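In my numbering, the protein residues as written are 487 to 910.
We put the CB at the ideal spot given by N, CA and C, even for glycine.
None of these values were measured; they are calculated from a predicted model.
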């Protein structure tokens with residue numbers, strides 16, 4: 487009982503400690519001398535140490551720790567008591583610690599397995615690994631909305647010469663097609679407007695740049711205006727599919743229309759006159775039966791606008807207004823409005839998408855002025871709070887869920903195809 491009160495550990499606890507410590511420190515990691523001194527520092531006492539394999543060294547070490555002290559003191563107090571009155575600065579001169587240092591100078595670790603080395607390398611590389619940061623400066627602080635004019639002005643300051651080399655301003659015609667177009671086709675675009683036309687077609691060649699913060703602001707603005715959210719969103723994620731993109735990355739869905747497709751969406755949501763129309767079409771796209779991918783449909787409408795510009799279908803209107811970008815924007819909005827009206831009133835579903843777009847393209851190229859007049863009428867009625875062209879009672883039987891069907895783009899429908907298939 488006396489030994490249990492004066493020592494840090496009872497005899498039973500000492501035996502357990504010695505057994506566990508011996509198994510925890512194999513000889514290939516710590517030399518026998520380190521084990522001996524380790525137990526001496528724990529104050530296991532001479533009686534216990536004499537029973538251990540390191541009794542001869544440990545007992546002599548304990549005696550050197552406290553010369554002049556009685557054996558009873560060593561048994562009751564243990565070796566740790568002798569260290570309690572020694573200043574930290576003086577510990578380095580102590581016999582046991584000097585012996586510990588001298589013994590470990592020649593120690594070499596055993597062979598380390600390949601798994602341990604690999605784990606060590608991976609751990610050391612943690613500080614150098616940085617998560618893939620979202621581009622465009624996404625943060626917890628909501629960013630400012632961007633207008634169409636600001637985005638366009640930014641694009642005009644960039645060097646787009648490499649993209650400009652790819653454009654074909656007009657469709658090349660030969661033979662009778664060229665003669666017919668010359669005699670009966672629309673007038674040519676005025677010389678002073680051709681640079682503006684080329685800018686539009688050049689933007690259509692540009693992709694979404696992950697290093698350009700303005701591109702990110704364009705996406706954020708479109709998302710906020712359509713959903714009503716006040717906060718920024720991640721620039722990649724499933725929430726873009728809710729807006730009608732095909733996947734989590736909007737950049738993959740701009741094929742054939744480039745950044746001009748996003749500029750058109752930005753124009754639609756940032757112009758006070760067309761915002762209500764954009765929101766109305768967006769609600770229609772989420773209809774439980776007539777749903778369609780809103781942003782993908784918008785990209786296809788932008789393609790129609792690009793083709794109409796290249797085929798000089800908009801030249802007469804551009805010459806009349808002495809503008810190109812404004813006319814193309816209005817033509818895009820008018821075509822999208824016409825598509826939504828047909829979709830709603832004729833009870834179209836996603837399986838009809840390819841055919842609807844093909845018919846719409848033919849109508850848009852044939853009568854662009856008529857489409858623009860329809861847009862003006864719609865905006866005038868909407869400004870007075872009157873019923874829009876889309877606000878009509880939904881008739882017809884229930885159809886199958888559109889999520890089980892596929893969307894066919896205007897460029898994907900094959901001639902004489904009987905069914906639309908494949909996402910754009």
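Quiz item: So, helix, strand or coil for residue 665, using DSSP?
Solution: Helix at residue 665.
Practice problem: Report yes or no: do the stretch 750-762 and the stretch 852-869 share at least 3 C-beta pairs separated by less than 8 Å? | Solution: In short, these stretches touch, since the Cβ pair count reaches three.
Quiz item: Looking at the unbroken alpha helix (DSSP H) that takes in residue 760, where does it start and where does it end?
Solution: Counting along the chain, residue 760 sits inside the alpha helix (DSSP H) bounded by residues 758-771.
Quiz prompt | Length of the line joining the Cα atoms of residue 658 and residue 848 | solution = Looking at the two C-alpha atoms, the distance is approximately 19 Å.
Quiz prompt | Min CB distance residue 607 to chain B below 8 Å | solution = In the structure shown, chain B does not exist; there is a single protein chain.
Quiz item: What residue from 651, 662, 656, 702 has the CA that sits closest to residue 800's CA?
Solution: Looking at the Cα atoms, 656 is the closest of the given residues.
Quiz item: So what's residue 750 in DSSP terms, helix, strand or just coil?
Solution: In this structure, residue 750 counts as helix in the three-state DSSP scheme.
Quiz item: Run through DSSP, which three-state label would residue 632 get?
Solution: Correct three-state label for residue 632: coil.
Practice problem: Compute the Euclidean distance between the alpha carbons of residue 700 and residue 863, then round it to the nearest angstrom. | Solution: The straight-line gap from Cα to Cα measures roughly 33 Å.
Quiz item: Out of curiosity, what's the CA-to-CA distance linking residue 707 and residue 786?
Solution: One C-alpha to the other measures close to 20 Å.
Quiz item: If you scan the stretch 770-845 from start to end, which runs of the beta strand (DSSP E) of 3 or more residues do you find wholly inside it?
Solution: Listed in chain order, nothing qualifies, since the stretch 770-845 has no complete beta strand (DSSP E) run of 3 or more residues.
Exercise. State the Cα-Cα distance for the pair residue 852 and residue 686, rounded to the nearest angstrom.
Key: Distance from the CA atom of residue 852 to the CA atom of residue 686, rounded to whole angstroms, is 21 Å.
Quiz prompt | Reduced DSSP secondary structure (H/G/I, E/B, other) of residue 728 | solution = In this structure, DSSP gives residue 728 a helical state, which the three-state scheme calls helix.
Self-check item: Closest Cα partner of residue 696 within the set 738, 710, 606
Solution: With distances taken between Cα atoms, residue 696 lies closest to 738.
Quiz item: Alpha carbon to alpha carbon, what distance is there between residue 815 and residue 829?
Solution: C-alpha separation (whole angstroms): 21 Å.
Quiz prompt | 7 Å CB neighbourhood of residue 652 in its chain, flanking five on each side removed | solution = Taking C-beta separations shorter than 7 Å and ignoring five residues to either side along the sequence, the partners of residue 652 in its chain run 691, following chain order.
Quiz item: Cβ of residue 716 within 8 Å of Cβ of residue 631?
Solution: Contact flag unset, no.
Practice problem: For the stretch 663-676 and the stretch 747-754, state whether three or more C-beta atom pairs, one from each stretch, are separated by less than 8 Å. | Solution: Counting Cβ pairs under 8 Å, fewer than three are found: no touch.
Quiz item: Would you call residue 688 buried or exposed, if buried means 16 or more other Cβ atoms sit within 10 Å of its Cβ?
Solution: Classification of residue 688: buried, given that the 10 Å Cβ count is 16 or more.
Self-check item: C-alpha distance - residue 599 paired with residue 722, whole-angstrom precision
Solution: CA-to-CA, the gap between residue 599 and residue 722 works out to about 41 Å.
Exercise. May I ask you to report which of helix, strand or coil DSSP gives residue 863?
Key: Correct three-state label for residue 863: helix.
Exercise. On a CA-only basis, which of 783, 826, 718, 728 is nearest residue 928? Give me that one, please.
Key: Absent from the structure is residue 928, since the part of the chain shown begins at 487 and ends at 910.
Quiz item: Looking only at its own chain, which residues have a Cβ that is under 8 Å from the Cβ of residue 679, when we skip the five neighbours before and after it?
Solution: Taking C-beta separations shorter than 8 Å and ignoring five residues to either side along the sequence, the partners of residue 679 in its chain run 804, 805, 808, 809, 810, following chain order.
Quiz item: Quick one: any contact between the stretch 832-842 and the stretch 853-861, if contact means 3 or more CB pairs under 8 Å?
Solution: Judged by Cβ distances under 8 Å, the stretch 832-842 makes no contact with the stretch 853-861, as fewer than three pairs qualify.
Exercise. Measure the alpha-carbon distance for residue 825 versus residue 746 and round it to whole angstroms.
Key: As the crow flies, the alpha-carbon of residue 825 is around 19 Å from that of residue 746.
Quiz item: How close, in whole Å, do the beta carbons of residue 694 and residue 740 come, if the pair is a contact with beta carbons under 8 Å?
Solution: Sure, about 6 Å apart at Cβ, within 8 Å.
Exercise. Using a threshold of 8 Å, state whether the C-beta atoms of residue 766 and residue 672 are closer than that.
Key: Going by C-beta atoms, residue 766 is not nearer than 8 Å to residue 672.
Self-check item: Inter-residue spacing [alpha-carbon to alpha-carbon] between residue 638 and residue 712
Solution: Their Cα atoms are separated by approximately 20 Å.
Exercise. Throw me the rounded Cβ distance for the residue 730 and residue 771 pair, which I believe falls under 8 Å.
Key: Between residue 771 and residue 730 the Cβ distance is about 6 Å, and since that is below 8 Å, they are a contact.
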